[in-house]
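*Asks:* Quick one: the structure is below, questions incoming.
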Amino acid sequence: MSTTPTRRRAAAAALTAALLVPLAACGNSSSDGEKKAETSASASASAEPKAVNLTVLAASSLTDAFKTAGAAYEKAHPGTKVTLSFAGSQELAAQVKQGAPADVLATADTKTMDGLKAETGEAKIITKNRLVIAAGKGNPFKIDDLKDLADTKIKVVLAAPEVPVGRYSKEILDKQGVTVKPVSQEPNVRAVLSKVELGEADAGLVYKTDSIKSGDKVVSVEIPDDQNAVASYPAATLKQSKNAEAAAAFLAWLSTPEAQKILQDAGFQQP
0 MSTTPTRRRA AAAALTAALL VPLAACGNSS SDGEKKAETS ASASASAEPK AVNLTVLAAS
60 SLTDAFKTAG AAYEKAHPGT KVTLSFAGSQ ELAAQVKQGA PADVLATADT KTMDGLKAET
120 GEAKIITKNR LVIAAGKGNP FKIDDLKDLA DTKIKVVLAA PEVPVGRYSK EILDKQGVTV
180 KPVSQEPNVR AVLSKVELGE ADAGLVYKTD SIKSGDKVVS VEIPDDQNAV ASYPAATLKQ
240 SKNAEAAAAF LAWLSTPEAQ KILQDAGFQQ P
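Following numbering that gives the first Met the number 0, the numbering of the sequence shown begins with 0 at its first residue and continues without gaps.
Structure (structure tokens):
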């Protein structure tokens, strides 16, 4: 009679142990599942595009085209913001040498870019431009060609000789043997154009793209190809960039059909 309760207790203990085994297994399975879910969520989060702020230094003559290009790039690359800074190429070069925080540089001539080889990656020509004579509204002096700019009655404004458009201007004037005494020498092409638009000068030498943007504020006088200069625009990533991959991607994009259409719609030529 004394053995029966003992046997019953032993049987109950065995049954309890048997029931706990699957419960423990379920608990481990649930824990493993939660860990897997957390790992998956973490991987998903890391796969999301990293927010990047690209700073692009660009020549003044690229202002309008690059504003359009920057907006198009942001739309096609969510998470990337393109911050644009415009100035004369020589000013941009000075900024780069002083260590200005930026990712991509685009100048209006190869000479300026060549002087920055220690600070940039390999440069690539992204577009080209040509010069025109911007005459005041209505062209009251009836300016037809470069030789007309030698007339001392005409107030001519040019870009400073250290500015790309200033060098191109000197090149084509010297080629035609035309001597011009400018009323002022400006730090960039936009400043030259502004002087003519405001009537502070009667004429100036600017890029074709700038005269197009000016609309009817000036009269554009074409310069024949054999008297003109071709302005090549190189672009490169900066070695000091903290966004090397994103900078390289933007530089590559500038040669795509989408970017080239934006540039050509603004009056630039194929590289």
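The C-beta atom is built at its ideal place from N, Cα and C for all residues, glycine as well.
Only a predicted model underlies this, so the values are computations on that prediction, with no experimental measurement involved.
Mind listing, in chain order, the continuous alpha helix (DSSP H) runs of no fewer than 4 residues lying wholly within the stretch 191-258?
*Replies:* As far as the stretch 191-258 is concerned, its whole alpha helix (DSSP H) runs of at least 4 residues are 207-213, 243-252.
*Asks:* So, at 8 Å on beta carbons, what are the nonlocal neighbours of Ala245 in its own chain, with the 5 sequence-adjacent residues on each side left out?
*Replies:* Around Ala245: Val51, Leu53, Thr79, Asp102.
*Asks:* Mind checking Val229: buried by the 16 CB within 10 Å criterion, or exposed?
*Replies:* By the neighbour-count rule (16 or more Cβ atoms within 10 Å), Val229 is not buried but exposed.
*Asks:* Using 8 Å as the threshold, is the C-beta distance between Val164 and Pro186 below it?
*Replies:* Contact flag unset, no.
*Asks:* Which residues in the same chain as Pro270 place their Cβ atom closer than 7 Å to its Cβ, once the five residues preceding and following it in sequence are excluded?
*Replies:* Cβ within range, chain order: Ile124, Ile125, Thr126, Lys127.
*Asks:* Classify Gln62: buried if its beta carbon has 16 or more other beta carbons within 10 angstroms, exposed otherwise.
*Replies:* Note that residue 62 corresponds to Thr in the displayed sequence, not to Gln. By the neighbour-count rule (16 or more Cβ atoms within 10 Å), Thr62 is buried.
*Asks:* Are the Cβ atoms of Asp209 and Ala134 separated by less than 8 Å?
*Replies:* In this structure, Ala134 does not lie closer than 8 Å to Asp209 by Cβ.
*Asks:* State the start and end residues of the unbroken beta strand (DSSP E) segment that holds Gln184.
*Replies:* 183-185 is the extent of the beta strand (DSSP E) around Gln184.
*Asks:* For the pair the stretch 176-193 and the stretch 208-223, tell me if three or more CB-CB distances fall below 8 Å.
*Replies:* Cβ pair count under 8 Å is three or more, so yes.
*Asks:* Could you say which of Ser60, Ala68, Asp147, Asp108 lies nearest to Leu250 if we only look at CA atoms?
*Replies:* Residue Ala68 is the option with its Cα nearest to Leu250.
*Asks:* Within its chain, find whatever has a CB closer than 6 Å to the CB of Gly120; leave out the 5 residues flanking it on each side and keep chain order.
*Replies:* Hits under 6 Å: Ala235, Thr236.
*Asks:* By the three-class DSSP mapping on this structure, what secondary structure does Ala133 have?
*Replies:* Looking at Ala133 - three-state DSSP - the assignment turns out to be strand.
*Asks:* Using the Cα positions of Tyr167 and Ala58, report the straight-line distance between them to the nearest angstrom.
*Replies:* Taking the straight line from one Cα to the other gives about 15 Å.
*Asks:* Note the first and the last residue of the continuous beta strand (DSSP E) segment covering Val51.
*Replies:* Unbroken beta strand (DSSP E) run through Val51: 51-58.
*Asks:* In or out: Asp143 buried (at least 16 other Cβ within 10 Å) or exposed?
*Replies:* Result: exposed.
*Asks:* Return the CA-CA distance between Ala248 and Asp264, expressed in angstroms with no decimal places.
*Replies:* Taking the straight line joining both Cα atoms gives about 22 Å.
*Asks:* Apply the 10 Å Cβ neighbour rule to Ala64 and answer buried if 16 or more other Cβ atoms are within range, or exposed otherwise.
*Replies:* Result: buried.
*Asks:* Does DSSP put Lys127 in a helix, a strand or coil?
*Replies:* Of the three classes helix, strand and coil, the one that applies to Lys127 here is strand, per DSSP.
*Asks:* So, is Ser28 buried or exposed, given that buried needs 16 or more other C-beta atoms within 10 angstroms?
*Replies:* At Ser28 the pLDDT is 45, less than 50, meaning the model places this residue with poor confidence; the figure from the coordinates comes in the next sentence. Exposed, because fewer than 16 other Cβ atoms sit within 10 Å of the Cβ of Ser28.
*Asks:* Classify Pro256 as buried or exposed, calling it buried when 16 or more other Cβ atoms lie within 10 Å of its own Cβ.
*Replies:* Answer is exposed; the Cβ neighbour count stays below 16.
*Asks:* My assumption, with CB atoms under 8 Å, is that Ala71 sits in contact with Ile222. Please give the rounded CB distance.
*Replies:* Not really, about 31 Å apart at Cβ, beyond 8 Å.
*Asks:* For Gln94, which residues in the same chain have their Cβ closer than 6 Å to its Cβ, ignoring the five residues on either side in sequence?
*Replies:* Taken in chain order, the list of residues that qualify is empty.
*Asks:* In the DSSP output, which residue or residues are listed as bridge partners for Gln175?
*Replies:* None; Gln175 has no bridge partner.
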